[in-house]
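Note that the sequence shown covers residues -8 to 223 in my numbering.
Some notes on the structure that comes next.
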Amino acid sequence: MGQILFITKCIERERFLEGAFRQLGHEVFLSDQFLTLHIKRDTVASLTDFFKIIVLSETLTNQEVLLLLKSFKGQSLSIFREVERLPTKKEQQLWTERGINEWLVKDMMLEEIREMLDGYIDSSKERQIFTEEEENEKRSLSSLALNSTQLRFLQILYREHDQIISREKMCELLWERPGNASNLSQLSCLVKLLRKKLNDQGVEGESILTVWGQGYRLSDTFFKQITTEIKI
């Protein structure tokens, strides 16, 4: 379960997403006063103690979003932007550089929202403890306790670095068959389990990112912690 702060100008407009988040077992706090308080500089300090994800409503202007992103800089927060339709790849890249992690599109299905949130909310109760020396050293991909399919999945994304691999293409590369409904469902389960395995083994942050409507890629956080000596 995660804690989500939803910043909006109209709470009633956000009931659908609020319901979806709650249905998935997350705590949601909607605020139509946060922006006003922030502008008046009356907001309380760090949000990271209370929330893991911040959702910025489509009711906010781009200028207001930029103002909030600047104030969140340096905090360990995942920032989602609610939109009517997915921006162009160029626009997405620009906003990613500004601090947006994911896009919540109005017509997303519950399963898609669940998969997106799973990549950002730590569902495990226990983490492996590492010494300071171990944390400062990159770990080998082959040292992780993964099955062959999970390892292959990471190798494919590692090879492409920051490039996005579509779900259909990933099915072809993993199983040498087209990405039909059955394979795509199997892939979703694989990603969900793999995220938990990486988290349980001490790989911090959002390792596998779901780019809605496009596919998967590895996060910069993952590359800072994991290396590979395998030819891929």
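Just so it is clear, CB atoms sit at the ideal spot from N, CA and C, and this is done for glycine as well.
Buried versus exposed call for residue 152 [16 or more other C-beta atoms within 10 Å across all chains shown]: Under this definition residue 152 is an exposed residue.
Jot down the residue ranges of each uninterrupted beta strand (DSSP E) in the segment 81 to 112, minimum 3 residues, whole runs only, in chain order. DSSP runs (the beta strand (DSSP E)) wholly in the segment 81 to 112: 93 to 96.
For residue 211, which option in 167, 92, 134, 160 has the closest C-alpha, if you only look at C-alpha atoms? Answer by Cα proximity: 92.
Assuming residue 69 is part of the alpha helix (DSSP H), what are its boundary residues? Segment 69 to 74 is the beta strand (DSSP E) holding residue 69; no alpha helix (DSSP H) there.
Run through DSSP, which three-state label would residue 44 get? The answer is strand: DSSP assigns residue 44 an E or B state.
Per DSSP, what are the beta-bridge partners of residue 20 in this structure? DSSP output for residue 20 lists -4 as bridge partner(s).
Own chain partners of residue 60 with C-beta closer than 6 angstroms, once the 5 adjacent residues on each side are dropped: 89, 90, listed in sequence order.
Could you give the residue range of the alpha helix (DSSP H) that holds residue 147? Taken as a continuous stretch (DSSP letters only), the alpha helix (DSSP H) holding residue 147 covers 139 to 151.
Rounded straight-line distance, which links the Cα of residue 213 to that of residue 199: In a straight line, the C-alpha of residue 199 is about 8 angstroms away from that of residue 213.
Considering only their Cβ atoms, is the gap separating residue 69 from residue 97 smaller than 8 angstroms? No. Outside cutoff.
Are at least three pairs of beta-carbons, each pair with one atom in the segment 7 to 22 and one in the segment 74 to 83, less than 8 angstroms apart? Judged by Cβ distances under 8 angstroms, the segment 7 to 22 makes no contact with the segment 74 to 83, as fewer than three pairs qualify.
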